[in-house]
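Following our numbering, the numbering of the sequence shown begins with 1 at its first residue and continues without gaps.
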Amino acid sequence: MFHVFQYQLLRLITQNSLSSMCLKLMLSRPVAFAQIGKSWFSNHSLLGNKNIILMGPPGAGKTTIGRIVGQKLDCPVIDIDDDVLETTWNMSVSEKLQNVGYEEFLEEEGKALLNLSASGSVISLSGSNPMHAAGMQHMKKNGIVVYLDVPTTVIMSRLKSMAVDRIVGLSAGTSLKDILQFRKLFYKRWHDIRVFCGEHVAAEVVAEKVLDAVKRYQDSELETFISTRSSRSGKSMEEGSRKYFSDVVIQGLAPDGGLFVPERRLPKFTAGEWQGLIEATYVERAEVILERCIHPADIPAFKLAEITGTAYGENFSCSKVAPVRHLAGNQFLLELFHGPTASFKDFALQLMPHLFASCIPRSCNYLILVATSGDTGSAVLDGFSRLHDADKQRIAVMNFFPEDGISPIQKSQMIGCQKENAWSVGVKSDFDFCQTAIKQIFTNSDFTGFLTVEYGTALSAANSINWARLLPQIVYHASAYLDLVHQGIIPFGSPVDICIPTGNFGNILAAFYAKMMGIPIRKCICASNENNVLTDFIRTGVYDLRGRKLIPTFSSAIDILKSSNLERYLHLIANEDGQLVTQLFNQLENQGHFQLRKDLLEKLQQDLVAGWCSEEDCLAAIHSVYSTTGYILDTHTAVAKVVADRLQDRTCPIIISSTAHYSKFAPAIMRALRIAEINQNPLSQLHLLSSYSALPPIHWGLLETLKKTGNGDHQVCAADMSVLMHHIETLIQNHFM
């Protein structure tokens with residue numbers, strides 16, 4: 001401790017001409033001097049009495065960046081290696097490691113941290129400090145830990161150029177890469193803030209990033225949300241009306257009937273930051289992107305990393321989570337069906353339940369209401385059933401689906417995914433009724449108030465109207481682009497097109513958000529089936545439901561006429577004009593149509609193009625692709641394939657979102673492959689398809705679900721609001737009371 005304060009004093013004398021009396025006091029009574037220093041530093045540090053603690057692997061630049069940050073803040077800088085360890089041990093760190101060995105070194109290093117007392121300083125940790133739990137707990141009590149996250153390949157290159165041949169933990173039979181990867185587990189455990197550093201970023205730039213990140217950490221009010229039906233205002237929002245990430249996750253739908261969006265839009269990554277993620281795993285990419293979009297005051301960074309690792313770990317059958325596969329020519333498939341319920345919905349709904357459980361107050365029970373056109377229901381049921389037991393006791397799910405509007409396998413899967421806190425209800429209507437009914441229930445203050453007062457239960461939504469559903473989808477669109485770069489298909493910066501089978505507009509909106517955040521996406525191609533209201537809208541600017549009836553198709557998940565997330569996109573291109581958005585969607589609700597202004601249509605058509613696919617063309621595409629490649633597309637991916645063939649100009653790669661596994665649509669697939677129609681149960685259909693040894697194989701999770709559950713039981717109700725509300729109240733009574 002003596003040497004640390006001596007180091008601090010020398011800086012103070014140099015910069016501030018402290019009197020010799022302070023020097024004498026420090027030399028004779030370092031503890032007393034520490035108290036004086038503590039008071040003085042509070043006036044000169046960004047964090048008052050707090051420390052900024054820089055953490056990261058050897059070679060991350062902690063020492064250099066710490067000095068720059070200290071200069072900018074005019075505060076003391078402490079380098080653990082130079083100013084604490086070597087002065088305490090009277091030998092170099094490498095000598096100490098050689099003398100005592102790996103385990104004893106970590107213990108001695110940790111003791112040195114425990115004896116350190118500092119405030120208002122910038123502290124650069126050693127690369128191995130985070131491996132000592134007690135020492136890090138001591139440091140975090142009075143500091144904000146900033147993780148300098150540098151790609152492993154960059155660190156290895158730097159260490160080689162620095163001729164570093166020995167770090168803590170490195171021994172015969174253990175590679176440097178393995179040690180660096182192992183240490184990441186500890187960095188993720190302790191960090192409050194992550195500053196992602198690319199390969200060729202100057203230390204001065206990284207230091208500015210550190211300061212910006214610390215400022216963001218201190219001020220959660222910078223990241224509020226507004227409704228799509230409220231206009232931006234130059235005046236700050238009143239305290240009671242501020243909505244943060246936690247609020248929007250819990251509430252789902254805004255009180256005025258609009259959808260929540262970030263008031264300051266999404267953060268934009270630099271090209272260097274994206275390039276730094278090229279070598280990263282899917283989980284690592286997700287951690288970096290989500291931490292930039294979710295304020296640590298809502299979910300601490302270490303908790304978010306834990307949640308992300310859980311969501312995209314063993315639940316997914318493919319280690320790459322969302323692999324990109326070459327199909328033919330310039331077309332690539334983004335396989336989004338490797339999760340437990342075989343659709344892209346798993347990417348949001350393996351993550352969202354844990355986000356939700358982290359955000360809600362412990363004093364209230366919550367019932368999640370879901371409307372599904374096919375894939376959402378089973379994904380929601382599965383995701384929320386994986387919560388910890390204590391969370392399942394206070395969070396339940398009710399899933400409404402069109403009883404006769406989904407595939408037999410989808411229905412069997414939803415029924416089979418029912419658990420002690422998750423139920424499915426078939427409704428004698430279509431998806432649009434289910435979705436509209438849920439929106440009306442949320443805005444029925446008498447009913448929601450009754451549930452809160454009578455049963456202590458609040459309602460929330462897990463449909464793509466919930467912001468926590470959209471956010472994880474941004475990750476896989478960004479990851480797909482980075483994978484193409486990693487595979488050498490394109491250099492970073494070259495554009496791609498993305499084609500997505502689209503119904504509720506959430507998936508394609510997430511792709512557009514990825515573009516806003518810096519991914520070089522040229523065009524987002526909207527692929528519709530015969531319910532082609534979106535295609536007509538994108539081509540003409542007229543959203544017209546008059547005289548339209550929903551057409552049941554083989555691609556049932558996009559059998560949608562009212563696309564909820566379109567509201568978020570229109571709010572964005574209308575420069576957050578909530579009054580205009582309100583007018584448009586009120587007109588749609590009351591008159592069945594609206595028309596965009598010419599300037600907005602021009603903006604829209606710069607971002608989006610659209611096409612639609614008939615049932616015959618859908619089946620023909622499945623047959624054609626299987627005949628030429630041995631790969632089976634599901635019906636939704638086939639819709640996107642047909643539209644991509646028609647609209648792509650072949651000047652850049654096109655990524656087609658494969659949103660579901662073909663196993664979920666066995667009757668349509670057998671028809672497309674010209675297999676004799678056999679009236680079999682869903683499990684038998686899957687076994688029949690598996691005999692074809694096609695790519696990809698039959699989905700493991702779906703097969704296991706059907707094996708365990710058979711047809712099972714579920715409730716069915718009429719398309720009547722009062723009946724749905726009765727089901728909701730009954731479930732609450734049975735589960736929470």
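Just so you know, even glycine gets a beta-carbon here, dropped at the ideal spot from N, CA and C.
Looking at residue j and residue i, is the spacing between their C-beta atoms short of 7 Å?
i	j	result
Ala510	Ile474	yes
Asn529	Thr553	yes
Tyr476	Ala322	yes
Ala676	Pro472	no
Ser479	Tyr282	yes
Arg469	Asp497	no
Gly740	Arg229	With the chain covering only 1 through 737, there is no way to say anything about residue 740.
Phe332	Pro653	yes
His687	Ser663	no
Glu86	Ser94	no
Phe594	Leu584	yes
Leu695	Gly630	yes
Pro151	Glu287	no
Asp382	Cys417	yes
Tyr102	Tyr147	no
Leu277	Ile655	no
Phe182	Asp149	no
Gly59	Arg158	yes
Ile123	Asn51	yes
Met414	Ser460	no
So residue i packs on residue j, CB below 8 Å; how close in whole Å?
i	j	result
Asp559	Ser373	6 Å
His636	Leu673	About 17 Å separates the two Cβ atoms, so there is no contact after all.
Cys821	Ala644	The displayed coordinates of the chain run from 1 to 737. Any statement about residue 821 would go beyond what the structure contains.
Phe738	Ser658	The requested residue 738 is not part of the displayed model; the chain covers only 1 to 737.
Ser607	Phe512	One point to set straight first is that residue 607 is Asp, not Ser, in the sequence displayed. Indeed, because the Cβ distance is near 6 Å, the residues count as touching under 8 Å.
Pro300	Asp192	7 Å
Ser464	Ser564	7 Å
Under the three-state reduction of DSSP, which class applies to residue i: helix, strand or coil?
i	result
Met55	strand
Gln440	helix
Phe505	coil
Met26	Confidence in Met26 is poor, its pLDDT being 34 and thus under 50, which makes the residue's placement unreliable; the coordinate value appears in the next sentence. Looking at Met26 - three-state DSSP - the assignment turns out to be helix.
Asp617	helix
Arg394	coil
Val205	helix
Leu695	strand
Tyr631	strand
Asn129	helix
Val150	coil
Gln591	helix
Phe316	coil
Asn586	helix
Leu266	coil
Asn466	coil
Val164	coil
Ser231	coil
Ala660	strand
Ile299	coil
Pro255	coil
Ile278	coil
Gly143	strand
Cys717	strand
Would you kindly report the start and end of the unbroken beta strand (DSSP E) that includes residue i?
i	result
Thr457	Thr457 to Ala461
Leu334	Gln331 to Glu335
Tyr366	Asn365 to Ala371
Arg325	Val324 to Ala328
Ser424	Ala422 to Val427
Phe196	Ile193 to Phe196
Which residue comes first and which comes last in the alpha helix (DSSP H) that contains residue i?
i	result
Gly272	Ala271 to Gln275
Asp713	Looking at the DSSP string, Asp713 is not in any alpha helix (DSSP H), and its letter there is neither H nor E.
Ala672	Ala666 to Ala672
Arg183	Leu176 to Trp190
Ser564	Segment: none, Ser564 is in no alpha helix (DSSP H) and carries neither H nor E.
Ile728	Met721 to Phe736
Leu608	Segment Leu608 to Trp612 is the beta strand (DSSP E) holding Leu608; no alpha helix (DSSP H) there.
Q. Which runs of the alpha helix (DSSP H) spanning at least 4 residues fall entirely within the segment 477-559, listed in chain order?
A. Entirely contained in the segment 477-559, the alpha helix (DSSP H) runs reaching 4 residues are, in chain order, 506-516 and 533-540.
Q: Enumerate, from N- to C-terminal direction, the unbroken alpha helix (DSSP H) stretches of 4 or more residues contained entirely within the segment 53-124.
A: 62-73, 86-89, 93-100 and 102-114
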